[in-house]
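So the sequence shown is numbered by UniProt numbering: it starts at 1 and just counts up by one. Remarks on the structure that follows.
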Amino acid sequence: LPDGKRIIVSSHDGSFRVMDLETGTQVGEEWEDKDQEAEIIALSPDGKKVASGGLGGAVKLWNVDTGKVIKTWTGHTEDVNSVSWSPDGGRVVSGSNNGTFRVWDVQSGKTILGPINTGEIVRAVCYSPDAKMIAGIIMDGLKIWNANSGELLKTFEELLGYLAWTSDGKTLIPKVDRDLCKNNVNEISVSPNDRILATTPSLEKTTQLWDLDTFQSIGTPLHHQGYVRSPTFSVDGKFLLTCCFDDHIYTWD
């Protein structure tokens with residue numbers, strides 16, 4: 001969260017929890033989604049709302065203060081794999097197993113772009129920092145669209161995984177080359193100052209930090225007890241958070 005003291009984590013049982021970073025304890029009650037198992041979440045730029053997606057195809061908005069669903073958007077016919085906010089917080093883009101992505105107007109809840117048919121399962125979508133483009137990872141590569149018209153601008157083949165833009169909007173990182181890691185990269189995160197990349201290789205219980213200027217590894221891998229997911233930098237870039245399949249959350253200095 002923007003205060004740098006709390007985080008929101010999602011669980012495979014469809015619940016969310018707000019955790020205190022200093023004490024490691026849960027803050028308040030669990031947020032429960034009885035109608036849908038939420039698998040992915042994204043915090044709004046102002047830190048007041050959370051967008052979630054998952055099994056069933058609905059996209060939901062949550063109030064951070066109350067932990068309650070305030071809006072439910074329907075339109076996807078299959079599971080939602082990714083949600084991302086526009087930089088101004090006025091729109092949310094969601095990608096689905098049915099091969100489409102949609103852009104939602106947060107105020108009205110209406111689809112204002114799409115459904116855009118990508119032709120393949122949409123694994124990840126995200127806005128560029130200037131909100132002019134939407135990048136999407138599909139099963140056969142990476143595509144970039146005009147965020148206002150939906151026009152396909154560029155296609156890159158054989159790039160799979162998760163997405164991260166640098167803050168200047170000039171560089172999009174869809175994965176790390178296999179030369180850097182023994183196994184395929186599962187998820188990535190870029191530090192707020194665009195200097196450090198965190199990667200979580202699949203089939204490894206580690207997270208590795210990389211210098212984005214030199215593409216050299218920084219120190220030794222960060223070891224965990226279980227397989228790692230969701231590396232995330234704190235707002236000030238001083239901490240890295242990682243989640244594991246053993247139900248633990250790690251905070252790294």
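We treat Cβ as the ideally placed atom computed from N, Cα and C, and that holds for glycine. What you are looking at is a predicted structure, and each value in this text was computed from that prediction instead of being measured.
Practice problem: Work out the CA separation of residue 192 and residue 208 for me, nearest whole Å. | Solution: Mapped onto the sequence shown, residue 208 falls at position 208. Mapped onto the sequence shown, residue 192 falls at position 192. So the alpha carbons of these two residues sit roughly 17 Å apart.
Self-check item: Neighbourhood of residue 244 by C-beta, 8 Å cutoff - its chain only, sequence neighbours within 5 removed
Solution: Taking the sequence shown and counting its residues from 1, one reaches residue 244 at position 244. Here the set comprises 205, 224, 225, 226, 227, 228, 229, 250.
Quiz prompt | Length of the line joining the Cα atoms of residue 25 and residue 5 | solution = In the sequence shown, counting from the first residue as 1, residue 25 sits at position 25. In the sequence shown, counting from the first residue as 1, residue 5 sits at position 5. Each residue's alpha carbon lies about 12 Å from the other.
Self-check item: Given residue 107 as reference, the closest of 67, 83, 61 once Cα atoms are compared
Solution: Locating residue 107 in the sequence shown gives position 107, counting from the first residue. Nearest option by C-alpha distance: 61.
Practice problem: Would you list the one or two residues that DSSP bridges to residue 251? | Solution: For the purposes of this step, residue 251 is taken as residue 251 along the sequence shown, with counting starting at 1. Residue 251 is bridged to 241.
Quiz item: Where residue 2 and residue 239 are concerned, what is the direct C-alpha to C-alpha distance, given to the nearest angstrom?
Solution: In the sequence shown, residue 2 corresponds to position 2, counting from 1. In the sequence shown, residue 239 corresponds to position 239, counting from 1. Distance between the alpha carbons of residue 2 and residue 239 is about 13 Å.
Quiz item: If you compare alpha carbons, which of 53, 195, 235 is closest to residue 218?
Solution: Reading the sequence shown from its first residue, position 218 is the one you call residue 218. Among 53, 195, 235, the Cα nearest to that of residue 218 is on 195.
Quiz prompt | residue 75 (DSSP reduced to helix, strand or coil) | solution = Residue 75 sits at position 75 when you count from the first residue of the sequence shown. In the structure shown, residue 75 sits in coil (DSSP, three-state: anything other than H, G, I, E or B).
Practice problem: Determine the closest residue to residue 64 out of 44, 74, 91, with distance taken between C-alpha atoms. | Solution: Locating residue 64 in the sequence shown gives position 64, counting from the first residue. Per the Cα distances, 44.
Self-check item: Beta-carbon proximity of residue 21 to residue 39, cut-off 8 Å
Solution: For the purposes of this step, residue 21 is taken as the residue at position 21 of the sequence shown. For the purposes of this step, residue 39 is taken as the residue at position 39 of the sequence shown. Cβ distance not < 8 Å, so residue 21 and residue 39 don't count as in contact.
Self-check item: Simplified DSSP state of residue 254, which is helix, strand or coil
Solution: In the structure displayed, the chain extends from 1 to 253; residue 254 sits before or after that span and is not available.
Practice problem: Check whether the Cβ atoms of residue 51 and residue 83 lie closer than 8 Å to each other. | Solution: Along the sequence shown, one-based indexing puts residue 51 at 51. Along the sequence shown, one-based indexing puts residue 83 at 83. Contact: yes.
Self-check item: Per DSSP, the bridge partner or partners of residue 211
Solution: As a working note, residue 211 is residue 211 in the sequence shown. 196, 216, per the DSSP bridge assignment.
Exercise. Check each candidate in 121, 131, 150 and name the one with the smallest Cα separation from residue 137.
Key: Here residue 137 refers to the residue found at position 137 when the sequence shown is read from its first residue. Of the candidates 121, 131, 150, the one whose C-alpha sits nearest the C-alpha of residue 137 is 121.
Quiz item: Alpha carbon to alpha carbon, what distance is there between residue 48 and residue 128?
Solution: By 1-based counting over the sequence shown, the position of residue 128 is 128. By 1-based counting over the sequence shown, the position of residue 48 is 48. About 21 Å.
Exercise. Answer yes or no: do residue 150 and residue 114 have a C-beta to C-beta separation smaller than 8 Å?
Key: Taking the sequence shown and counting its residues from 1, the one referred to as residue 150 is at position 150. Taking the sequence shown and counting its residues from 1, the one referred to as residue 114 is at position 114. Their beta carbons are under 8 Å apart, which means residue 150 touches residue 114 by this criterion.
Self-check item: Nearest neighbour of residue 75, chosen from 199, 103, 28 [CA to CA]
Solution: In the sequence shown, counting from the first residue as 1, residue 75 sits at position 75. Minimum Cα distance to residue 75 is reached at 103.
Practice problem: Compute the Euclidean distance between the alpha carbons of residue 89 and residue 131, then round it to the nearest angstrom. | Solution: Taking the sequence shown and counting its residues from 1, one reaches residue 89 at position 89. Taking the sequence shown and counting its residues from 1, one reaches residue 131 at position 131. If you take the alpha carbons of residue 89 and residue 131, they lie about 10 Å apart.
Quiz item: What are the boundary residues of the beta strand (DSSP E) that residue 42 is part of?
Solution: The sequence position of residue 42 within the sequence shown is 42, counting from 1. 38-43 is the span of the beta strand (DSSP E), which, as asked, contains residue 42.
Self-check item: Rounded separation between residue 59 and residue 80 - CA only
Solution: Against the sequence shown, residue 59 aligns to sequence position 59. Against the sequence shown, residue 80 aligns to sequence position 80. Those two C-alpha atoms are separated by around 8 Å.
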